[in-house]
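J.:
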Amino acid sequence: MRTHTCGELAAAGVGKKVKLCGWVANWRDHGEIVFIDLRDRYGITQLVFRMENDKELTGRASKIRSETVLAITGTVAARDKANINPDMPTGEIEIAVESIDMEVPAETPPFEVVDAPKADELVRLEHRYLDLRSKPMQEATIAKHKVLQATRRYFDGEDFLEIETPVLWKSTPEGARDYLVPARKSPGRFFALPQSPQMHKQLFMISGFDRYFQIARCFRDEDLRYDRQPEFTQIDIEMSFVSLENIYSVLEGLMAELTKVAAGKNVSAPFPRMTYNEAMERYGTDKPDTRFGLEIVDATNVAKKTEFKVFQNAGMVAGIRAPGGAALSRKEIDALPKAVADTGAKGVAWLKKTADGISGGVSKFFPEPIREELFSVFGGAEENDLFCFVADSPKVARASSGVLRGLLAKRLGLIDEEVFNYLWVTDFPLFEEDDEGKLSPAHHPFTSFPTEYLEQLERGEDLFSIPSHAADLVLNGVELGSGSIRIHDPAMQSRVFKALGFSEQELEDRFGFFLNAFRYGAPPHGGFALGFDRVLMCLLGRESIRDFIAFPKTTAAKCPLTGAPTSVSDQQLEELRLKIRKDD
RNA sequence: GGGGGUGUAGCUCAAUUUUGGUUAGAGCAUCGGACUGUCGAUCCGAAGGUUGCGGGUUCGAGUCCCGUCACCCUCGCCA
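Residue 1 is where the first sequence starts when you use my numbering, and the numbers rise one by one after that.
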């Protein structure tokens, strides 16, 4: 039906007879002359109709509206110099249309499909097929394709095998809430959709597929965010006979390639590394944004010398020195405590460095010589610095300072948006404490740890201090993924499960098939999983992973296009032996 | 489940900060007309509203109060 796309014709094509197909992006009717911009995914080409050439055709063209599908035949014509549009790749030419071969009319769309759709996201999602015609969505969708292909090329080149894993899988008690699928052939029983192919890929290692990858769909029935969807994609890898070093270097190669493909930037490997403890100390978070300084300073000692009771009673006084922060208004500073309230901080103390001393906030508590001591703790002080302090337990003080750090950097324009700062955060603890003070895996229960801690695990002593062979990959303060060396010794695995409080029976029911496999020759192995949608979001500088999911769900986990989830017929329920409770 | 924000024409927004007052306005889109070079065309004109929904206060509610729904952000949650 077409000889060319709407993006490829240029001056070299002048004189050619062509057939183009596409959607009407815009139209301009001047009476004697009519222009139509024809759009496909390759670009936009201007069509021109003249009354003097064909009155009937031009009259017909003048009635065509946006989003109509057209197929036309015409001749490529050079534009007069004055009429060249330098902003369009096809701006040197236009098509003098001779016939309209097909015209599929479109109703007036609910929003205008333009370069930057202004419509509310909900309206766009209800008509996602239209939204996807827009430039930003076309770009995001095409970028995703390119990154997917680059990923496959990269792993294929590194001798990885792409192997699929089941989507109908087994519910496990650990981790996120499962999406369940009733099993008709086994009434009262359920499949679960996988939260990740974790156990599958470890079984592949036992099978001898020593380098595996998959672009895997994962499902988690938890609350949504801008960076969390109930179904999302992971780049999932697993390798045998490797150390973490091998895993780092494979991923560094991948990310360098993807950064180039998606963002056109070169990043150099190896990526910097930082231990978990160091990250928490210097940045108050396990995913530090290293594009700017403002590191957390332990000002406890000097703060305790002041008469300020809040400082004297605190376990720690954490401080941030923000150059230029004195420009913040009183209103902005007063808003800081609320911004960090979620971390548990009860307040934010502050003072400003002025030309002749300090002022505002808690400055009166810092007379000389404590003032000089304060400055030296922060490595000096310049005019217009803002000093912020959070006094609390060390945990809260650091966490809220970490949040403050990000806020101040953003407000003061200290973040270079052009930079891609990758960072390995290493040596995560093996366990963490859940809300009830119970032990839970910090990464997942298959994570290995240095053997010298086996005894400590056995004794159940100070378990939170045991380090693991697990690391996260962080980009500009966003956690892209995590991985670890796994336990391949069944005895060690059982000990971890026991420490986590699983009974023999539970272990057998939930993980029996998995633990059994390790009895038949399990190689040492490890792997990693990257949140693919997040990688794209970061590399393309988008606000949400929804941009990279063709049909995403709302924060209430509903599909605005189809209305799913919906109720089902009584017959369907009957077949599954399910009954819906009506009372709630 | 908790907190915050938003909801007015098909779309994006206004409607005198806190403070209720005549017929709820504008831009874009749509429809009609004009125009030979536009490219976000321009000009003239028209049509378009259950102010998310329900209740309340009031002589009078887009505006105040209560409830509810949807969307977005956030805490919890996401091994």
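Just so it is clear, CB atoms sit at the ideal spot from N, CA and C, and this is done for glycine as well.
Take residue 64 as the anchor and find which of 44, 95 and 25 has the nearest alpha-carbon.
T.: Nearest option by C-alpha distance: 25.
J.: Three Cβ pairs or more, each shorter than 8 angstroms: is that satisfied between the stretch 222-233 and the stretch 153-171?
T.: At 8 angstroms Cβ cutoff, the stretches do not touch.
J.: Please return the same chain residues whose Cβ sits closer than 6 angstroms to the Cβ of residue 446, not counting the five positions on each side in sequence.
T.: 486 and 487.
J.: Taking the straight line between their C-alpha atoms, what separation do you get for residue 164 and residue 529?
T.: Distance between the alpha carbons of residue 164 and residue 529: 15 angstroms.
J.: Go ahead and pull the three-state DSSP assignment for residue 234.
T.: If DSSP states are grouped into helix, strand and coil, residue 234 belongs with the strands.
J.: How close, in whole Å, do the beta carbons of residue 518 and residue 199 come, if the pair is a contact with beta carbons under 8 angstroms?
T.: 11 angstroms between Cβ atoms; not a contact.
J.: If you compare alpha carbons, which of 21, 336, 47 and 71 is closest to residue 406?
T.: That would be 336, whose Cα lies nearest to the Cα of residue 406.
J.: Taking contact to mean 3 or more Cβ pairs, one atom from each stretch, closer than 8 angstroms, check whether the stretch 475-486 and the stretch 287-298 are in contact.
T.: In short, these stretches touch, since the Cβ pair count reaches three.
J.: To the nearest angstrom, how far is it from the Cα of residue 624 to the Cα of residue 46?
T.: This structure cannot speak to residue 624, because the chain is shown only from 1 to 584.
J.: Tell me which same chain residues have a C-beta within less than 8 angstroms of the C-beta of residue 554, skipping the five on either side of it?
T.: Once the five neighbours on either side are set aside, the close Cβ partners of residue 554 are 122, 125, 224 and 560.
J.: For residue 20 versus residue 84, is the C-beta distance shorter than 7 angstroms?
T.: Not in contact: residue 20 and residue 84 (Cβ atoms no closer than 7 angstroms).
J.: Can you tell which of 218, 11, 254 and 203 has its C-alpha closest to the C-alpha of residue 526?
T.: Selected option, being the one with the closest Cα: 203.
J.: Roughly how many whole angstroms lie between the Cα atoms of residue 168 and residue 216?
T.: Residue 168 and residue 216: Cα-Cα distance of roughly 13 angstroms.
J.: Buried or exposed: where does residue 578 fall if 16 or more other Cβ atoms within 10 Å of its Cβ makes it buried?
T.: Classification of residue 578: exposed, given that the 10 Å Cβ count is below 16.
J.: What runs of the alpha helix (DSSP H), each 4 residues or longer, lie entirely inside the stretch 127-188?
T.: Counting only runs of 4 or more, we get 128-131 and 135-157.
J.: Whole angstroms are fine: how far does the CA of residue 508 sit from the CA of residue 574?
T.: If you take the alpha carbons of residue 574 and residue 508, they lie about 32 angstroms apart.
J.: Can you check the stretch 18-65 for any beta strand (DSSP E) of at least 3 residues that lies completely inside it and give the ranges in chain order?
T.: Fully enclosed beta strand (DSSP E) runs of 3 or longer: 33-40 and 43-50.
J.: Can you look up residue 376 in the DSSP assignment and give me helix, strand or coil?
T.: Correct three-state label for residue 376: helix.
J.: For residue 263, name the three-state secondary structure that DSSP assigns.
T.: Here residue 263 sits in helix by DSSP.
J.: Check whether the Cβ atoms of residue 585 and residue 130 lie closer than 7 angstroms to each other.
T.: A question about residue 585 goes unanswered here, because the residues of the chain that appear run from 1 up to 584.
J.: Give the straight-line distance between the Cα atoms of residue 187 and residue 171, rounded to the nearest whole angstrom.
T.: Their backbone Cα atoms lie some 16 angstroms apart in a straight line.
J.: List the DSSP bridge partners of residue 525.
T.: Looking at the DSSP assignment, residue 525 forms a beta bridge with 240.
J.: Take every Cβ of the stretch 313-327, pair it with every Cβ of the stretch 396-416, and state whether three or more of those distances are shorter than 8 angstroms.
T.: Cβ pair count under 8 angstroms is three or more, so yes.
J.: How is the beta strand (DSSP E) around residue 472 delimited, first residue to last?
T.: Its beta strand (DSSP E) spans residues 470-475.
J.: Which partner residues does residue 283 have in the DSSP bridge list?
T.: The partner list for residue 283 (beta bridge, DSSP) is empty, contrary to what the question assumes.
J.: Taking the CB atoms as reference points, tell me whether residue 195 and residue 183 lie closer together than 7 angstroms.
T.: Cβ atoms of residue 195 and residue 183: not closer than 7 angstroms.
J.: Which term fits residue 331, buried or exposed, when burial requires 16 or more other beta carbons within 10 angstroms of its beta carbon?
T.: Residue 331 is exposed by the Cβ-count criterion.
J.: Taking the alpha helix (DSSP H) that residue 332 belongs to, which residues open and close that run?
T.: Segment 330-334, the alpha helix (DSSP H) holding residue 332.
J.: For residue 538 and residue 459, what's the separation of their Cα atoms in angstroms?
T.: Roughly 43 angstroms separates the two Cα atoms.
J.: Assuming residue 94 and residue 11 make a contact with CB atoms under 8 angstroms, what is their CB distance in whole Å?
T.: Going by Cβ atoms, the distance from residue 94 to residue 11 rounds to 11 angstroms, so no, they are not a contact pair.
J.: Below 6 angstroms CB to CB, which residues in the same chain sit around residue 254 once its five sequence neighbours on both sides are set aside?
T.: Correct list, in chain order: 154.
J.: My assumption, with CB atoms under 8 angstroms, is that residue 404 sits in contact with residue 325. Please give the rounded CB distance.
T.: With 8 angstroms as the limit, residue 404 and residue 325 do not qualify as a contact, their Cβ atoms being about 10 angstroms apart.
J.: Can the beta-carbon of residue 256 be found less than 7 angstroms from the beta-carbon of residue 267?
T.: In contact: residue 256 and residue 267 (Cβ atoms closer than 7 angstroms).
J.: Does DSSP classify residue 433 as helix, strand or coil?
T.: In this structure, residue 433 counts as strand in the three-state DSSP scheme.
J.: Do residue 362 and residue 351 have their CB atoms nearer than 7 angstroms?
T.: Closer than 7 angstroms, so yes.
J.: Does the beta-carbon of residue 443 have 16 or more other beta-carbons within 10 angstroms, so that it is buried, or is it exposed?
T.: Answer is buried; the Cβ neighbour count reaches 16.
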